Structures are given as C-alpha cells and as structure tokens.
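Visitor: Protein chains in written order, with the working numbering: chain A, 1 to 133; chain B, 1001 to 1532. Glycine included, every Cβ here is placed at the ideal spot set by N, Cα and C. Source: prediction; values computed, not measured. Next up is a structure, given as structure tokens.
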Amino acid sequence: MGVETTAAERRRRLGRWGEAAAAEYLRGLGFVVLASGYRSPRGEVDLVCRDGRWLVFVEVKTRLSRAAGAPEEAVTPAKQRRLAAAARHFLQQHRLHAVPYRFDVVAVDVGLVDGRPGLPRIRHYRSAFTPAG
Amino acid sequence: MSALRLHSATLWGVEGCPVSVEIDVAPGLPSFRIIGMPATVVRESCERVRAALRNTGFPLPLSRITVNLAPADLPKPHPVFDLAIALGILGAAGHLPPGPWMDWLLLGEVSLDGSLRPPRGLLSLAGVARGEGRPGLAVGAAGGLPWEHAWLDDVRAVWLPDLRAAIAWARSGAPPGAPPAGQPRQQAPEPPAGGAGSPTAGAGARAAGAGAAAAVDLDQIRGQVHAKRALEIAAAGGHGLLMYGPPGTGKSLLARSVVGLLPPPEPAESREIAQIYSAAGLPPPPPGVRPFRDPHHTVTRAALLGGGAVPEPGELSLAHRGVLFLDELPLFRREAVDGLREPLEQGVVSVQRLGRRARFPARFLLVAAANPCRCGHFGDEEVACRCTEFELRRYWATLPGPILDRIDLFVPVGRLSFDEVTTTASAGPPRVPEAAARVRAAREIQTLRFLGEGIQCNAEMGRVHLDRHALLDAGPREVLRRAYERYRLSVRAHDRILRVARTIADLDGSLAITREHVLEALSYREAPLGWA
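The following block contains the structure:
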C-alpha cells in the first residue's frame, strides 16, 4: 500500500492476478499450462494449455464489479478474431498442424474484501466459440 | 434454459405473413444473435431488447441466446419482433411460466426504456391472427391506441404500453383484455338520398378528401358547367378524365371536387383503404370519404406505383377506391406514366423485391389535367401561344397510348366570361346532392349489370360487354355512324363513346341509350392538339 499506481498499472495487475487465478483453477481440472501471456504480432493469448489431447487457447477476463457488465460479455467478436489470429500464429510457430484445438473463456469475478481480493468466482466456458472464417 | 417458439408476423407490401420466433437460451459464452434474414432494423433488436430488459429489471441471462425467425427466406424488413423476442428470452430463461400467452400473435417494437410501439401495417398483421386461428394480438401501445384498433372487428387485442405490462399480462394467464369502449369504428354516413334532415349526410360524403387540400365543393366553383357535368359522368362510370385548358381556369379545383360526387365507400372498400394506409404508416382518410391523392409531377416511379427497397404502397394504392389526380399530366416522367398501364388495366400494382412479389391494390378514378401546350396558351383567345410546332408535338408525345386509351372523357376548360366571374358561385340551389344521388343510382345499376361479369363499372367494358350492354337502336346508331364517318373516328374512339353514352344513359335512369346520350358522349371526344 501507499505505492502510487496508475489506472493502467492497476488494470495490468488485476489482469495478471486473474490469469493466475484462472491458471490455478485450470490446473485443478487437469490442464497443463504451456504458456501464459503469449504474444503474437496480431494478438495475445492469455493462457495456452493442454487438456488431454486438446490444445486449448484460453481468454481470461477479470472484473472487480459488474458496472461494465459481466466479464465474459467483453469477449466480443472482434476480440475473438484477434485471439484466433494469435492462436494460428502459435500453431505455425510450433509446427502444430494436426493438433485439435479449441478456445475457452474463463471469467473471473473478484470479490473485494476490505479493498483486497477475496475468493474469486470463476466461470469456465469450454469451447466458448468457434472463430468464423 | 430451453428453446421456445412464439408467434409474430411481418408486413410484405400490404400483406401480413406469419413468422415464428424461435428463441434458444443455451449455456455458453454470452452472445445474442438473430438469424433468419432479419433486416438491419430487426437485427438491431438485440440492442433494443437488451437495454429494455435491463431497464425493466431483467438483465439478459449470461447465456448464448439465439433467435431464429422462420421462414428464413421471407424478408423481414420491419421491427415488429421485439416483443416476441423479449418475452421469449424471459420464458426460455425461466422468468415467465409457459402459458396461453405463447399462442398469441406478439407484435411490437421496444424502446430502450421498455415501452412498446405498435407495428406498421397492424391491419394486415391482424389478418394473420385471423388466418392462423390465434387467440388474439398482443400489441405495443405506448402513446395510446393506434387508429387501427377500430378496424380489428373479430380479432381480439390486448394493448401493452411497455414490457412491464407485457410481463404482467403473460403472468396473469393472458387475459383477452376488455374490448375497446363502445365500438368506435365510425359507420359511413348514410346516403343523402332521403336524409335531407341529417346534417352529416350530404356534407359528410363530400367533405374533406384524404388531404386537407381536397375539400372543395363543386357548388363553390363558378361556371364550367360542361366540366362539372363531365366530372359527374366520370364519377358515375369510373371513366378516366382529362381536362385541358389554359392555366388558372380552375382545373385543379374542379378535380378536387370530384370526391364529393362519389358515394361513400362501402364497408368492404373502407376496410381495403384502411389496410393500405395502415401498411403505408399513414393516417386514413376520414370515415365515409374516399381518398384523394394528387402527387406532384416530379414524383418518382417508385413513389407513384409503390415499391422502394422495402415495398411500400405508392400514390396509386393510396388512391385505391378513390381519386388519383395527375395535374400537368404531360410533365410527369415517362417511366412513371408508363407504369400506370398495368394498374389501369388490372387494378393492381405488382412489384418484385428481394425475390418476392408484392401486390398492391390500385383501383382508382383517374383525373388528369394539362395545359394545352408548354406555355399554356395554345387555343387561348386572349393570349398568344409562344410554342413552336415542334414543342407542341413534343408536349403531348410524352403520353403513351395505353394511358390515353384509359381516358374516356376529354374536357376543354376555358376562361370564364365576365358574367360567370361576377356571378356568386353559390347562387341558385346546390346541385351537388342531386348529382351525387344520380351518381349513386348509376353506380347501383352498374353493380347489378356486371354481377358475375368480373368488372365493376362502365369504364371497364370491353368489346364483349359493349355488345351486351351498349346496343344502339336505329336512331342513336345513325348519329354515331355519321360522327364516325365525318370525324374519321378510330375503333377505340368509337368504343369510348359507347362506354360514355352508357354511363350518361345510366345517369338518366334509362335502359336504352338515346340519340341525346350519344350526342353528349360525342362532346367529350374532342382531343387537344398533338395526338389527334
């Protein structure tokens, strides 16, 4: 506390906190996290995981409140397209031409207790969308 | 969470088509999609319904919502499905119990605050409820009852000002709602025949037409006896009429007064008129009055005939069962005038849009006016015409033959004499009530005459009908023969004279067509220069 933070910095920190919570949750389901914060020139993937024979690209959305709507509602079609582009980049980079893959979304609602994150509520959407085109 | 199927309808031209609205609320990433050929305004329903539900206290469920509008190949250009979509989401999400409300025809556009508007073409859509045997219509009614409510007859309706009211209605088992107080539907005024004592009788029938500007009483127009008589004949037999003469001689005024000569529309006709106006999103003409439309000569083909990307009734259909007045007929676009052919022959306009045909009823009395030439003074005794011969020919050449064929009465309208101008117009007894009574009687004769013949008035008589109903005795036959030979009439002109003579005889209450009838008919033969 007492350290001055910008809004952007706070947002990044919240995102990282959410990603960590999501990764922990997914590991609990038996997912193996291969990469987090994967960047491609055309977009980012929050978590890249293996779930059995599936390669899973995970978008994590974290919200402190519902003022801007539910976190999962922020995964717009435009965001989905960026995610898909980043995923294709990942597949090419690793020469993964025959691996079945899908896109999951993990929504993290942070319950604040005395201004500090409490127990997060997590909703997991398996194969949340199939990218168009 | 489940799928639900509700019922709505969409407007295509002036027809209502049933549409079923299927709503699926499934687990998954929250999304809201509408499929089944929605127009942009219908697709935007997502945003309207989302906001309206939230503002009514029901945020959208965090689910994958899919709305399918079936049949998918039917274009859905109007925003009428919001009510069905909103209630469907609530039902599929478990906020509304299944019940009789699911059988009703749900019609309404929702605003962001949850209030519901009535749809366009309510009368056409009500026909769907009747045809499909639905228990009734649930209709948006923010801002009061739409005028169409008076025309619903046997179709029950509940009027819902907003989503909150709609939810309450559905939860309470969809009660049919009280019928509108009284039966506010106005009856057409009684014919002026016996009812001289009734103030509304004659006046109601010839008061304002569809436009406020149409309110002209024939008795208030000075002079022009010949033209007035021609209007009476046109009204009686449904004959197309063209007045020509220099500017400022009262052609437009005369045309506006013809509505007052026509009998008030029959109930079935009023219903057709109301349905067209409802589909056009316009208020209807006052009860008991036939529509009068006078599009400007710059009108486009689509606006005149009906059409547009989403087919809407044009001026021709707005004039259905009434009067279409085309002032300055030669100045209309050629393509617009050409389009008159089909409606003049068949009484309908049909347009093809988005791979689907829309048919608009368009049975009207055509009244046209024209200056005799471009400068307006050809044949004028006081002012010299400044047109060249080429201009004269060109002026009339824009009128295609098939249109002229549908004009039976050619009426020169001249300058008034000094005496005519100074005479008070309303001097003498009013003649309109009598003329209107004659017209009505003549129309009744025609109705009986053409029972089962597929036509409705003398103007529609073809060769077969003329042989049956316009036979001439030796005397009148001789009159027509002499005129035919002397003026070298065409066959068309000959038939035209027979049709008009038939109507003149009907106005006279005479079964036989006499010499006088033929002679009078011949006086409307005169055509302005240019197409003789």
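1. Say whether chain B places a C-beta atom closer than 9 angstroms to the C-beta of A70 (chain A).
2. Tell whether a beta-carbon distance below 9 angstroms holds between D1338 (chain B) and P1400 (chain B).
3. Spatial neighbours of A1230 (chain B) within its chain, please: CB distance less than 7 angstroms, with the 5 preceding and 5 following residues excluded, ordered by chain position.
4. Pop quiz: Y125 (chain A) and G1028 (chain B) are said to be a contact at Cβ under 8 angstroms. What is the actual Cβ separation, rounded to whole angstroms?
5. Distance, Cα to Cα, S1278 (chain B) vs L1145 (chain B)?
6. Identify the continuous beta strand (DSSP E) that holds R102 (chain A) and give its terminal residues.
7. Check this for me: beta carbons of V45 (chain A) and V106 (chain A), under 9 angstroms apart or not?
8. Looking at R1117 (chain B): is its Cβ nearer than 9 angstroms to the Cβ of G1281 (chain B)?
9. Along the chain, which unbroken stretches of the alpha helix (DSSP H) at least 4 residues long are found entirely within the segment 31-97 of chain A?
10. So which residues on chain B does Y38 (chain A) lean against when the C-beta distance must stay under 8 angstroms?
11. For R1134 (chain B), I'd like the list of residues in its chain whose CB is within less than 8 angstroms of its CB, leaving aside the five on either flank, ordered along the chain.
12. Below 6 angstroms CB to CB, which residues in the same chain sit around S1031 (chain B) once its five sequence neighbours on both sides are set aside?
13. Taking the DSSP output, what are the residues bridged to T1010 (chain B)?
14. Name the residue from B:A1368, B:A1234 and B:G1452 whose alpha carbon lies nearest to the alpha carbon of M1243 (chain B).
15. What residue does the alpha helix (DSSP H) around T1447 (chain B) start on, and which one ends it?
16. Taking Cβ-Cβ distances shorter than 7 angstroms, what residues in chain B pair up with F129 (chain A)?
17. Within the same chain, show all residues whose beta-carbon is closer than 6 angstroms to that of G18 (chain A), passing over the 5 residues directly before and after it, in chain order.
18. Applying a beta-carbon distance threshold of less than 7 angstroms, which residues of chain B neighbour V75 (chain A)?
19. In the structure shown, what three-state DSSP assignment does F129 (chain A) receive?
20. Give every residue of the same chain whose Cβ lies closer than 8 angstroms to the Cβ of R1492 (chain B), excluding the five residues on either side of it in the sequence, and list them in chain order.
21. Taking the CB atoms as reference points, tell me whether G1475 (chain B) and R1515 (chain B) lie closer together than 9 angstroms.
22. If we count the other Cβ atoms within 10 Å of its Cβ and call it buried at 16 or more, is Q1224 (chain B) buried or exposed?
23. Using a beta-carbon distance cut-off of less than 7 angstroms, what residues from the segment 1043-1066 of chain B approach chain A?
24. From L1331 (chain B) to H1297 (chain B), what distance separates their C-alpha atoms?
25. Could you pull out every residue in the same chain whose Cβ sits closer than 8 angstroms to the Cβ of V1299 (chain B), ignoring the five residues on either side in sequence?
26. Going by Cα to Cα distance, which pick from B:L1096, B:A1052 and B:A1086 is closest to V1021 (chain B)?
27. Say whether chain B places a C-beta atom closer than 9 angstroms to the C-beta of V56 (chain A).
28. With DSSP as the reference, please indicate the residues paired to E1022 (chain B) in a beta bridge.
29. For chain B, find out if any of its Cβ atoms is closer than 9 angstroms to the Cβ of R82 (chain A); answer yes or no.
30. Give, in chain order, every unbroken run of the alpha helix (DSSP H) that is at least 4 residues long and sits entirely within the segment 1375-1429 of chain B.
31. Which runs of the alpha helix (DSSP H) fall wholly inside the segment 1229-1289 of chain B and span at least 4 residues, in chain order?
32. Which bits of chain B does Y125 (chain A) rub up against, with CB to CB less than 7 angstroms?
33. I'd like the span of the alpha helix (DSSP H) that includes I1533 (chain B), first residue to last.
34. On a CA-only basis, which of B:H1078, B:P1343, B:D1508 and B:L1060 is nearest E1444 (chain B)? Give me that one, please.
35. Alpha carbons only, please: which of B:L1218, B:A1150 and B:R1438 is nearest the one belonging to P1284 (chain B)?
36. Rounded to the nearest angstrom, what separates A1210 (chain B) and G1173 (chain B) at their Cα positions?
Guide: Taking the geometry as given:
1. Contacts with chain B at 9 angstroms (Cβ-Cβ) include A70 (chain A).
2. Against a cut-off of 9 angstroms, the Cβ pair of P1400 (chain B) and D1338 (chain B) comes out as a contact.
3. Closer than 7 angstroms at the Cβ level, and outside the excluded window around A1230 (chain B), lie L1241, L1409, V1411 and Y1524.
4. Correct: roughly 6 angstroms between the Cβ atoms.
5. Approximately 13 angstroms between the Cα atoms of the pair.
6. Annotation: the continuous beta strand (DSSP E) that includes R102 (chain A) extends over Y101 to D109.
7. The answer is no: Cβ separation not under 9 angstroms.
8. No, the pair does not count as a contact, with Cβ atoms beyond the cut-off.
9. Listed in chain order, they are 77-93.
10. The contacting residues do not exist; Y38 (chain A) stays about 20 angstroms from chain B at best.
11. Correct list, in chain order: H1007, D1103, W1104, L1105 and V1128.
12. For S1031 (chain B), the CB contacts under 6 angstroms within the same chain, skipping 5 residues up- and downstream, are R1064 in chain order.
13. Beta-bridge partners assigned by DSSP to T1010 (chain B): B:C1017.
14. Residue B:A1368 holds the alpha-carbon nearest to the alpha-carbon of M1243 (chain B) among B:A1368, B:A1234 and B:G1452.
15. V1432 to R1449 is the extent of the alpha helix (DSSP H) around T1447 (chain B).
16. In chain order: L1029.
17. Taken in chain order, the residues that qualify are V60, T62 and V108.
18. Chain order gives the chain B residues near V75 (chain A) as L1029, where near means a beta carbon separation below 7 angstroms.
19. DSSP places F129 (chain A) in the coil class of the three-state scheme, outside both helix and strand.
20. Cβ within range, chain order: D1405.
21. The answer is yes: Cβ separation under 9 angstroms.
22. With 16 or more Cβ atoms within 10 Å of its Cβ, Q1224 (chain B) is classed as buried.
23. Closer than 7 angstroms at the C-beta level to chain A, one finds these residues of the segment 1043-1066 of chain B: L1062.
24. C-alpha separation (whole angstroms): 6 angstroms.
25. The answer, listed in chain order, is E1315, F1332, R1333 and A1336.
26. Cα-wise, what sits closest to V1021 (chain B) is B:A1086.
27. The beta carbon of V56 (chain A) does not come within 9 angstroms of any beta carbon belonging to chain B, so the residue lies off that interface.
28. Beta bridge pairing from DSSP links E1022 (chain B) with B:R1005 and B:N1068.
29. By this cut-off, R82 (chain A) is not an interface position.
30. Runs of the alpha helix (DSSP H) spanning 4 or more residues and lying entirely within the segment 1375-1429 of chain B occur at 1389-1397, 1401-1405 and 1418-1422, in chain order.
31. Here the runs fully enclosed are 1251-1257 and 1267-1280.
32. Per Cβ cutoff of 7 angstroms: G1028 and L1029.
33. With chain B running from 1001 to 1532 in the structure shown, residue 1533 (chain B) is simply not present.
34. When only C-alpha atoms are compared, the closest one is B:D1508.
35. When B:L1218, B:A1150 and B:R1438 are compared, the shortest CA-CA separation from P1284 (chain B) is found for B:A1150.
36. Bear in mind that the predicted position of A1210 (chain B) carries a pLDDT of just 42, short of 50, making it unreliable; the figure below should be weighed with that in mind. Taking the straight line joining both Cα atoms gives about 42 angstroms.
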